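In terms of my numbering, the sequence shown opens at residue 24 and continues consecutively. C-beta atoms are modelled at their ideal positions from N, C-alpha and C, and glycine is treated no differently. These numbers come from a predicted model, not from an experiment.
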Amino acid sequence: MSANTSLVIELAQIPPEGLAVDTDLDAGALHLEADGAFELNAGAHLVCRIERGEGDSVHVKGRFTAEAGLGCSRCLERSLFPVGQALDVFYLPRIVDRTVDAEEEDDVELSDHDLVVAYYEGGRFDLGELVREQIVLSLPMKPLCVEGCRGLCLQCGANRNQHDCGCKPLADPRLSGLADLLGPGSK
Ligand SMILES: [Zn+2]
Ligand SMILES: [Zn+2]
């Protein structure tokens, strides 16, 4: 598929027996140019089945596999995080005449049972949007390149995983207090 892959599904496109989707995922399909929450590594893939349900509902069931590139929260090195997971989503038509500001709401809401309800408008929905949101929700808040990453030296900026810069512990007690605050024990 081209770099402009779109995963927008028109309801009218879904035949009575359902629609099988088996496609690679790219940054364009997931709208990552505008978002920038993570980088998508090559080889991301989506397999799912889309079926019309009762009323105007649409059921999407399948799975995606992807690797998201994120900077380590301690040493800033880019690392890959596998984020594949099952999809089991019911799309319902969005009720437009609500008084709340619908634009401010999340498009995808998670319930207690991993059942995901999403909303479509204008007879279409975007699987790329869905996958992007699922990836964002599953990414760690404080990504680490490795468990116990030693981070950057507070004095010289060296990546302490790669070499021991040999900087002495800070002598000034006020600064060593600061080092404690910024050290590995910090949240
Ligand atoms: Zn790191
Ligand atoms: Zn150093």
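Do residue i and residue j have their CB atoms nearer than 8 Å?
i    : j    : result
V81  : C71  : no
P166 : F104 : yes
V154 : L48  : yes
R147 : I73  : no
L162 : F87  : no
L69  : G51  : no
C188 : A181 : yes
C168 : C95  : yes
I158 : A65  : no
Should residue i go down as buried or exposed, given a rule of 16 or more other Cβ atoms within 10 Å for buried?
i    : result
I118 : exposed
R97  : buried
A91  : buried
E156 : buried
L150 : buried
A35  : exposed
V140 : exposed
L160 : exposed
L63  : buried
A67  : buried
L93  : buried
G78  : exposed
Could you give the residue range of the alpha helix (DSSP H) that holds residue i?
i    : result
S161 : L150 to S161
In the DSSP assignment, find the unbroken beta strand (DSSP E) run with residue i in it and report its ends.
i    : result
K165 : Per DSSP, K165 belongs to no beta strand (DSSP E) and is neither H nor E.
P192 : First-last for P192: undefined, no H or E at that position.
G94  : E90 to G94
R75  : H68 to R75
Mind listing, in chain order, the residues whose beta carbon lies closer than 5 Å to a non-hydrogen atom of ligand 2? Going by the Cβ distance cut-off, the answer is C176, Q178, C179, A181, C188 and C190.
Ligand 1 site residues, beta-carbon cut 5 Å against heavy atoms: Output, sorted by chain position: C95, R97, C98, C168 and C172.
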